[in-house]
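Trainee: Using numbering that gives the first Met the number 0, read the sequence shown as starting at 0 and increasing by one per residue.
My questions will all concern the structure given below.
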Amino acid sequence: MMGRAGRPQFDDQGKAVILVHDIKKDFYKKFLYEPFPVESSLLAVLSDHLNAEIAAGTIASKQDALDYITWTYFFRRLVMNPSYYSLEDVSHESINKFLSNLVEKSLRDLESSYCMAIGEDNHTIEPLTHGRIASYYYLKHQTVRMFHERLKPECSLQDLLLILTDAEEYAELPVRHNEDQLNSELARRLPLEVNPHSYDSAHTKTHLLLQAHFSRATLPCSDYGTDTKTVLDNAMRICQAMLDVAASEGWLVTALSVCNLVQMIIQARWLHDSSLLTLPHIEQQDLYLFRKWSPGKAMGGARGFQGPIEGLPELMAACDGRESAFAAIVGGGLQQSQVSQAWAFLSHLPVLEVEMRVKGWWGESQEQSERLLPSAVANIRNQKSWLDIHADQEYVLQVHLHRLNTGGQKRRQDSRAMAPHFPKLKDEGWFLVLGEVEKRELLAVKRVGYVRNRSTASVAFFTPEKTGRCIYTLYLMSDSYLGLDQQYDIHLNVTPPSVSAQVNSEVSESMDSLAVGGSS
């Protein structure tokens, strides 16, 4: 409360008045004006701190972990106030035994969470993929352990939502007095069922708040709005970690579902909702405006566009960049100010053109070269649409993105995603997901930032070991909007590896090994 004294950005000081019983006045004066030691809270999160140092390479053995602890504030307070930390005495032997047991317990916790591995000598420590992911996204090791145990090759959105809300980061979300009753009432108005015996659980409350966010439901009180902001603040990094875990396992279906979950969080809509509902002032009862539209009714509509408007891409094609066309479609149900706000949202949405090239070795060539891929799904009967590549070789898919509706955007704020229901500023971004649909296998994931005009992303992938035809699919997934995703099939004809490609690959591998050996 004292931190709130004064007006932020206006006052440089504030006053706080503390009212106490007269008999306790001297005690509180002493409490305020005399310094007292602050004890360390490192013990409760020591495993996560050690994991971050292991992932960074600072700690590579148990002895390194012991040395790390001796440089912490916790170690200073341990010697000064041993009873607070359940240390019997401050003798050298007791401190060593205490710290050794502490390190052993923390490392066992990390090992059980699949974050690191202890070498055969029972001394060296090696970081694992899950540990690096937890460190990068500042997640607790219990969360990535849950990902390892509960994420599957084909998780539905409902499964992912349950996994997200069971993350350890939400364990401390406040459930106040009588909020279990409010949670029960809120659950009756939301589509997904929760355990009726867990209304007093922080994880259940998190689940309900996210459902209410997607449904844009009315919350019981203002405290729930504050709690929703807390939930959304953590949701993005947890989802990003889920995507990395799915990518490391090669799970295509789960990775795409995580991308959809991210879109739902940013736009506060369910995936099965019409993407038209993300427009301001457009509600379920207004969708008839788009269903009844026809090219002949819209003055100034898009030339050559035919068919119903079922989503944002069709609407943007029908308007063809003209506000008058948009007003002709929705003007019958919205006021002029609402039409302008909805159009400002729609005109800001990215329209991307995709061009793909594959870079690698062909035939007996001694140098890498690029080959252009068709920008649309080709007819599989057309022999020219199949790209000949060599088996068991690494190629690079270069994806050239061109934003068609730049509109002269040069300011920093133009990169902001239109997300009025998300509490933080969010820049537009994209996920490039390369996979093989037939095997449901994910081959590569690449994150791409805001595309102002043109941007190029390189996605490395290995070709199959077996020769024959196969189809890879590139998904261009928005990380901010629903309904703007694109999908391209890449038709590959896998041929036996060429001699020159094998030699180049072997030389590259030998050079890599020399570089590693030299650095050590």
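Heads up, the beta-carbon is just placed ideally off N, CA and C, and yes, glycines get one too.
Source: prediction; values computed, not measured.
1) Considering only C-alpha positions, which residue in the set N177, C220, E192 is nearest to D199?
2) Who are the near neighbours of L286 in its chain, counting only those whose CB is closer than 8 Å to its CB and skipping five residues on each side?
3) Select from V78, G130, K14, I68 the residue whose C-alpha is nearest the C-alpha of E520.
4) Less than 6 Å between C-beta atoms, sequence neighbours within five positions excluded: which residues of the same chain meet that for K139?
5) Report the rounded CA-to-CA distance for D521 versus L77, giving the unit in angstroms.
6) Within 10 angstroms of the Cβ of H389, are there 16 or more other Cβ atoms? Answer buried if so, exposed if not.
7) Determine whether the beta carbon atoms of T205 and V244 lie at a separation below 8 Å.
8) Could you check if F521 is buried or exposed, using at least 16 other CB atoms within 10 Å of its CB as the buried criterion?
9) L127: buried (16+ other C-beta within 10 angstroms of its C-beta) or exposed?
10) Where does P173 fall in DSSP's three states?
11) Give a yes or no on whether the C-beta atoms belonging to W360 and Q392 are separated by under 8 Å.
12) Use the C-beta contact count for E352: other C-beta atoms within 10 angstroms, 16 or more gives buried, fewer gives exposed.
13) Between T472, Y113, E313, which has its C-alpha nearest I489's C-alpha?
14) Which residues share a DSSP beta bridge with N492?
15) Could you tell me which whole beta strand (DSSP E) segments of length 3 or greater appear in the segment 96-149?
16) Just checking my contact of V357 with R370 at CB under 8 Å: how many whole Å lie between their CB atoms?
17) Using the Cα positions of P495 and W385, report the straight-line distance between them to the nearest angstrom.
18) Entirely within the segment 192-257 and at least 4 residues each: give me those alpha helix (DSSP H) ranges in chain order.
19) Exposed or buried, D232, counting other C-beta atoms within 10 Å across all chains shown (16 or more means buried)?
20) Would A456 and V447 qualify as a contact pair, given that the criterion is a beta-carbon distance under 8 Å?
21) Where do the ends of the alpha helix (DSSP H) carrying M315 lie?
Mentor: Considering the structure as presented:
1) Stepping through the sequence shown from its first residue, residue 199 is reached at position 200. Here the closest residue by C-alpha is N177.
2) Against the sequence shown, residue 286 aligns to sequence position 287. The answer, listed in chain order, is S273, L275, L276.
3) Look at the range of the chain in this structure, 0 to 519, and you will see that residue 520 is not part of it.
4) Working through the sequence shown from its first residue, we reach residue 139 at position 140. D47, E167, listed in sequence order.
5) Residue 521 is absent from the structure shown; the chain starts at 0 and stops at 519.
6) Counted from its first residue, the sequence shown places residue 389 at position 390. So H389 counts as buried.
7) Residue numbering aside, residue 205 sits at position 206 when the sequence shown is read from its first letter. Residue numbering aside, residue 244 sits at position 245 when the sequence shown is read from its first letter. Not a contact, by the Cβ cut-off of 8 Å.
8) Outside the shown range of the chain, which is 0 to 519, sits residue 521, and nothing can be said about it.
9) Counting from 1 along the sequence shown, the entry for residue 127 is found at position 128. By the 10 Å Cβ count, L127 comes out buried.
10) Locating residue 173 in the sequence shown gives position 174, counting from the first residue. Coil, per DSSP.
11) Looking up residue 360 in the sequence shown gives position 361. Looking up residue 392 in the sequence shown gives position 393. Yes, the Cβ-Cβ distance between W360 and Q392 is below 8 Å.
12) For the purposes of this step, residue 352 is taken as residue 353 along the sequence shown, with counting starting at 1. Exposed: under 16 other Cβ atoms inside 10 Å.
13) To locate residue 489, count along the sequence shown from 1; it is residue 490. Closest by alpha carbon: T472.
14) Counting from 1 along the sequence shown, the entry for residue 492 is found at position 493. Its beta-bridge partners are D387, R468.
15) 115-117, 124-126
16) Here the question's residue 357 lines up with position 358 in the sequence shown. Here the question's residue 370 lines up with position 371 in the sequence shown. Indeed they touch by this definition, with Cβ atoms about 5 Å apart.
17) Residue mapping note: residue 495 aligns to position 496 of the sequence shown, counting from 1. Residue mapping note: residue 385 aligns to position 386 of the sequence shown, counting from 1. Using only the alpha carbons, I get a separation of about 15 Å.
18) 201-214, 221-248
19) For the purposes of this step, residue 232 is taken as the residue at position 233 of the sequence shown. Label assigned to D232: exposed.
20) For the purposes of this step, residue 456 is taken as the residue at position 457 of the sequence shown. For the purposes of this step, residue 447 is taken as the residue at position 448 of the sequence shown. In contact: A456 and V447 (Cβ atoms closer than 8 Å).
21) Mapped onto the sequence shown, residue 315 falls at position 316. Looking at the DSSP string, the run of the alpha helix (DSSP H) that includes M315 is 311-318.
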